[in-house]
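Colleague: Sharing a structure with you now.
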Amino acid sequence: MKTRAGSTANVTLRHHGWNEYLGQDETTAFAQVIRATSREAPVLIAGPTASGKSALAMELAARDGRLIVNADALQVYGNWRVLTARPSEADEAALPHALYGHIARDQPYSVGHWLREVQGLLHRPVVIVGGTGLYFSALTEGLADIPPTPPALRLRADARMATEGRAALLAELDAATLARIDQANPARVQRAWEVWAATGRGLAAWQDDTGPALMPLADCEALVLRPEVDWLNHRITRRFHAMIAAGALEEARAELPVWQPGLPSARAIGAPDLIAHLRGEITLSEAIEAAIIASRQYAKRQRTWFRSRMGNWRGVALG
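In my numbering, the protein residues as written are 3 to 321.
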């Protein structure tokens with residue numbers, strides 16, 4: 003049963019990231035969220051990139067003794083900390099975190115892997131935070147038991163995506179699947195095509211046979227951050243410049259000798275652009291600008307997904 007905190011006491015925002023990235027209006031909005039959020043029920047926080055969701059999760063974790071669980075598909079990879087905005091080493095030392103940076107760059111990792119790992123963490127109070135909508139839908143709505151993709155088929159899908167692009171794979175999908183997936187997301191398009199090619203059955207049909215949810219919405223506090231576009235775009239720009247100052251280029255330099263653009267870990271926003279710079283193909287300024295544009299486009303896709311799939315989550319307006 004979901005309960006509310008109910009307290010009207012003042013909330014002190016303890017973590018420096020709040021004052022660094024949020025103005026007074028947003029800080030006040032987050033303080034109100036904290037006062038209205040249960041101390042007992044599991045908390046889910048979804049939001050687009052750079053919206054401040056990790057800071058909110060840290061505040062709730064500090065208040066309630068919660069474990070912070072990652073729900074971002076790129077923050078699971080150990081080779082990117084700065085570029086994916088994973089919690090800092092200091093943050094991880096201050097509060098317990100799980101499912102961050104624990105996967106090797108070339109290790110397969112799916113929503114099914116993530117859901118099984120989350121299940122093993124629910125014996126303690128949690129706040130689950132991230133921007134991967136598919137993780138949250140699997141958690142709160144259930145996940146279809148789809149057979150794994152054979153490695154040879156995955157290689158074929160990679161090759162087709164590289165040479166023919168999304169349109170060729172989309173052309174072979176059924177109407178129900180096309181209506182359900184994010185057709186602008188290459189990873190989702192490829193996954194849907196792999197399911198069809200491997201099983202002869204559309205992804206939508208598999209999803210319609212989904213089992214019970216691990217964490218139904220009725221049993222938790224579900225928050226989705228809904229920032230104003232210009233406010234978020236400004237934050238994205240500031241944050242990427244801060245990432246460069248914090249060592250994102252050095253992270254990319256470490257990846258250069260083993261760089262494989264087809265790996266899921268290589269989809270980290272800004273990684274292809276920084277690699278292109280390090281190869282002498284573009285200037286650093288051009289790489290930064292391209293990465294900022296890619297981040298804004300990604301945030302737009304996230305906002306669209308959240309609007310269409312999280313209408314019954316509690317919205318938190320920012321900006």
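Just so it is clear, CB atoms sit at the ideal spot from N, CA and C, and this is done for glycine as well.
These numbers were taken from a predicted model, which means no experiment stands behind them.
Looking at Ala100: is its Cβ nearer than 8 Å to the Cβ of Leu76?
Modeller: Your numbering for residue 100 matches position 98 in the sequence shown. Your numbering for residue 76 matches position 74 in the sequence shown. Contact flag unset, no.
Colleague: Tell me whether Leu180, by its Cβ, gets closer than 7 Å to a heavy atom of the ligand HEM.
Modeller: Among the ligands in the structure shown, none appear at all, so the ligand HEM cannot be discussed.
Colleague: Give me the residue from Thr151, Ala177, Val231, Ala92 with the minimum Cα distance to Arg192.
Modeller: Walking along the sequence shown from the start, residue 192 turns up at place 190. In the sequence as displayed, the identity of residue 192 is Gln instead of Arg. Closest in C-alpha terms to Gln192, from the list Thr151, Ala177, Val231, Ala92, comes Thr151.
Colleague: Since Arg107 contacts Ser297 with CB under 8 Å, what's their CB separation in whole angstroms?
Modeller: Taking the sequence shown and counting its residues from 1, the one referred to as residue 107 is at position 105. Taking the sequence shown and counting its residues from 1, the one referred to as residue 297 is at position 295. Incorrect: roughly 21 Å between the Cβ atoms, too far for contact.
Colleague: Taking 7 Å as the limit between beta carbons, can you name the residues of its chain near Arg269, skipping five residues before and five after?
Modeller: Position 267 of the sequence shown, counting from 1, holds the residue named residue 269. Leu76, Ala189, listed in sequence order.
Colleague: Which whole-angstrom value is the C-beta distance of Trp315 and Gly135, which I expect to be below 8 Å?
Modeller: For this step, residue 315 is matched to residue 313 along the sequence shown. For this step, residue 135 is matched to residue 133 along the sequence shown. Rounded, the Cβ-Cβ distance is 11 Å, inconsistent with contact.
Colleague: How would you label Glu230, buried or exposed, when you count the other beta carbons within 10 angstroms and need 16 or more for buried?
Modeller: In the sequence shown, the residue the question calls residue 230 occupies position 228. Classification for Glu230: exposed.
Colleague: Kindly list the residues whose CB is nearer than 8 Å to the CB of Ala178, restricted to its own chain and excluding five residues on each side of it in sequence; keep chain order.
Modeller: Along the sequence shown, read from residue 1 onward, the residue named residue 178 stands at position 176. So the list reads Gly204, Ala206, Ala207, once near-sequence residues are dropped.
Colleague: Can you tell which of Lys55, Leu123, Ala63 has its C-alpha closest to the C-alpha of Arg41?
Modeller: Position 39 of the sequence shown, counting from 1, holds the residue named residue 41. Nearest of Lys55, Leu123, Ala63 to Arg41, Cα basis: Ala63.
Colleague: Taking the alpha carbon of Leu141 as the reference point, which residue from Ala194, Ala87, Ala186, Val71 has its own alpha carbon closest?
Modeller: Here residue 141 refers to the residue found at position 139 of the sequence shown. Per the Cα distances, Val71.
Colleague: Could you tell me the alpha carbon to alpha carbon distance between Gly321 and Val120, rounded to whole angstroms?
Modeller: What you label residue 321 is simply residue 319 of the sequence shown in a count that begins at 1. What you label residue 120 is simply residue 118 of the sequence shown in a count that begins at 1. The alpha-carbon of Gly321 is positioned some 32 Å away from that of Val120.
Colleague: On the DSSP letters alone, give me the boundaries of the beta strand (DSSP E) that Arg228 sits inside.
Modeller: Your numbering for residue 228 matches position 226 in the sequence shown. From DSSP, the beta strand (DSSP E) with Arg228 extends over 223-229.
Colleague: Are the Cβ atoms of Leu286 and Leu258 separated by less than 8 Å?
Modeller: Position 284 of the sequence shown, counting from 1, holds the residue named residue 286. Position 256 of the sequence shown, counting from 1, holds the residue named residue 258. With respect to the 8 Å criterion, Leu286 and Leu258 are not classified as neighbours on the basis of their beta carbons.
Colleague: Which complete beta strand (DSSP E) runs does the region 201-275 hold, if anything under 3 residues is left out?
Modeller: 223-229
Colleague: Can you list, in chain order, the residues of its chain with a C-beta nearer than 6 Å to that of Asp304? Leave out the 5 residues immediately preceding and following it.
Modeller: Indexing the sequence shown from 1 puts residue 304 at position 302. It should be pointed out that residue 304 corresponds to Gln in this sequence rather than to Asp. If the five residues before and after Gln304 are omitted, its C-beta is found closer than 6 Å to the C-beta atoms of Pro50, Gly133, all from its own chain and listed in chain order.
Colleague: Straight-line CA distance for Asp176 to Asp184?
Modeller: In the sequence shown, the residue the question calls residue 176 occupies position 174. In the sequence shown, the residue the question calls residue 184 occupies position 182. Taking the straight line joining both Cα atoms gives about 14 Å.
Colleague: For the region 72-130, list the alpha helix (DSSP H) runs that are entirely contained and at least 4 residues long, ordered along the chain.
Modeller: 91-96, 113-121
Colleague: So for Leu46, helix, strand or coil by DSSP?
Modeller: Your numbering for residue 46 matches position 44 in the sequence shown. In this structure, Leu46 counts as strand in the three-state DSSP scheme.
Colleague: Grouping DSSP H, G and I as helix and E and B as strand, with all else coil, what is Leu69?
Modeller: The count along the sequence shown starts at 1 and reaches residue 69 at position 67. Leu69: strand per DSSP, three-state reduction.
Colleague: Note down, in chain order, each residue of its chain lying with its Cβ closer than 8 Å to the Cβ of Leu85, except the 5 sequence neighbours on either side.
Modeller: As a first step, residue 85 is located in the sequence shown; it is residue number 83 there, counting from the start. So the list reads Met245, Ala250, Glu253, Ala254, Ala270, Ile271, Gly272, Ala273, Leu276, once near-sequence residues are dropped.
Colleague: Look at the Cβ atom of Gln209, then the Cβ atom of Ala146, and state whether they are nearer than 8 Å.
Modeller: Against the sequence shown, residue 209 aligns to sequence position 207. Against the sequence shown, residue 146 aligns to sequence position 144. It is a contact, given that the beta carbons lie within the stated cut-off.
Colleague: Is the CB-CB distance between Ala31 and Val318 below 8 Å?
Modeller: Position 29 of the sequence shown, counted from the start, is the residue given in the question as residue 31. Position 316 of the sequence shown, counted from the start, is the residue given in the question as residue 318. Yes, the Cβ-Cβ distance between Ala31 and Val318 is below 8 Å.
Colleague: Rounded to the nearest angstrom, what separates Arg237 and Ala248 at their Cα positions?
Modeller: Numbered from its first residue, the sequence shown carries residue 237 at position 235. Numbered from its first residue, the sequence shown carries residue 248 at position 246. In a straight line, the C-alpha of Arg237 is about 16 Å away from that of Ala248.
Colleague: Using alpha carbons as the reference points, say which of Met163, Leu234, Val35 lies closest to Pro263.
Modeller: What you label residue 263 is simply residue 261 of the sequence shown in a count that begins at 1. Here the closest residue by C-alpha is Met163.
Colleague: One question on the structure: do Trp116 and Tyr102 come within less than 8 Å of each other, judged by their Cβ atoms?
Modeller: For the purposes of this step, residue 116 is taken as the residue at position 114 of the sequence shown. For the purposes of this step, residue 102 is taken as the residue at position 100 of the sequence shown. No. Outside cutoff.
Colleague: How long is the line joining the alpha carbons of Leu46 and Leu219, rounded to whole angstroms?
Modeller: Mapped onto the sequence shown, residue 46 falls at position 44. Mapped onto the sequence shown, residue 219 falls at position 217. Those two C-alpha atoms are separated by around 9 Å.
Colleague: Using only alpha-carbon positions, find the residue among Asn81, Lys302, Leu58 that is nearest to Ala256.
Modeller: Locating residue 256 in the sequence shown gives position 254, where the first residue counts as 1. Nearest C-alpha to Ala256: Asn81.
Colleague: Compute the Euclidean distance between the alpha carbons of Ala43 and Met217, then round it to the nearest angstrom.
Modeller: Translated into positions along the sequence shown, residue 43 becomes position 41. Translated into positions along the sequence shown, residue 217 becomes position 215. About 11 Å.
Colleague: Does the beta-carbon of Glu283 have 16 or more other beta-carbons within 10 angstroms, so that it is buried, or is it exposed?
Modeller: The residue given as residue 283 occupies position 281 in the sequence shown. Residue environment: Glu283 is assigned as exposed (fewer than 16 neighbouring CB atoms within 10 Å of its CB, all protein chains considered).
Colleague: Is Ala194 helix, strand or coil by DSSP?
Modeller: Translated into the one-based positions of the sequence shown, residue 194 becomes position 192. In this structure, Ala194 counts as helix in the three-state DSSP scheme.
Colleague: Contact check, Leu58 vs Val35 under 8 Å by CB: the rounded distance?
Modeller: By 1-based counting over the sequence shown, the position of residue 58 is 56. By 1-based counting over the sequence shown, the position of residue 35 is 33. The pair is a contact, with the Cβ atoms about 7 Å apart (cut-off 8 Å).
Colleague: Taking Ser139 as the reference, which of Ala48, Leu234, Glu174 has the closest Cα?
Modeller: For the purposes of this step, residue 139 is taken as residue 137 along the sequence shown, with counting starting at 1. Answer by Cα proximity: Ala48.
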